[in-house]
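**Q** Would you mind keeping the following structure in view while I ask a few things?
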Amino acid sequence: MIILHDICIYTVTVKITLLTGIALSRTYKENSLTSLITVGLLNASSAGLLIYMALVDLLSADFMGSKLQSSIKLQLNSYVAVLLGVGGMSLMTK
């Protein structure tokens with residue numbers, strides 16, 4: 395029942411946002427201050443949500459597991475791997 399509810403909400407919201415995007419595309423000015431601020435805020439929100447999902451939802455399950463909790467060496471290796479991954483992604487962004 396919950397899945398059907400989610401599907402219905404997703405279907406309706408996609409249609410509304412598509413229609414809104416089509417309606418606003420005629421008035422959109424790519425280099426205006428408002429457009430640049432809006433795009434920047436939306437990009438920052440998306441990046442923040444992705445970081446939250448990666449750190450809190452995905453990595454926390456791994457880091458709180460009994461296998462990782464029982465081994466200091468495995469914990470250190472895991473932290474180094476996460477930091478190297480974050481550093482690599484930052485370099486790709488640069």
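Per the numbering used here, residue 395 is the first one in the sequence shown, and the count goes up by one each step. Beta carbons: idealized from backbone N, C-alpha and C, even for Gly. In this text, all values refer to a predicted model and were calculated from it rather than measured experimentally.
1. Helix, strand or coil: how does DSSP classify SER460 here?
2. In terms of residues, what are the limits of the alpha helix (DSSP H) holding MET486?
3. Would DSSP call SER454 helix, strand or coil?
4. Give the straight-line distance between the Cα atoms of LYS489 and VAL406, rounded to the nearest whole angstrom.
5. Rounded C-beta distance between SER472 and LEU485? I'm assuming under 8 Å.
6. Within its chain, find whatever has a CB closer than 7 Å to the CB of ASP456; leave out the 5 residues flanking it on each side and keep chain order.
7. Which first and last residues belong to the alpha helix (DSSP H) in which ALA441 is found?
**A** This is what the structure gives:
1. Residue 460 sits at position 66 when you count from the first residue of the sequence shown. Reduced to three states, the DSSP call for SER460 is helix.
2. Here residue 486 refers to the residue found at position 92 when the sequence shown is read from its first residue. 466-487 is the span of the alpha helix (DSSP H), which, as asked, contains MET486.
3. Taking the first residue of the sequence shown as position 1, residue 454 is located at position 60. In this structure, SER454 counts as helix in the three-state DSSP scheme.
4. As shown, the chain starts at 395 and ends at 488. That puts residue 489 outside it, with no answer to give.
5. Translated into positions along the sequence shown, residue 472 becomes position 78. Translated into positions along the sequence shown, residue 485 becomes position 91. About 20 Å separates the beta carbon of SER472 from that of LEU485, a gap too long to meet the 8 Å contact definition.
6. As a working note, residue 456 is residue 62 in the sequence shown. Spatial neighbours of ASP456 in its own chain (CB-CB distance under 7 Å, excluding positions within 5 residues in sequence) are listed in chain order as LEU462.
7. Locating residue 441 in the sequence shown gives position 47, counting from the first residue. In the DSSP assignment, ALA441 falls within the unbroken alpha helix (DSSP H) covering 427-446.
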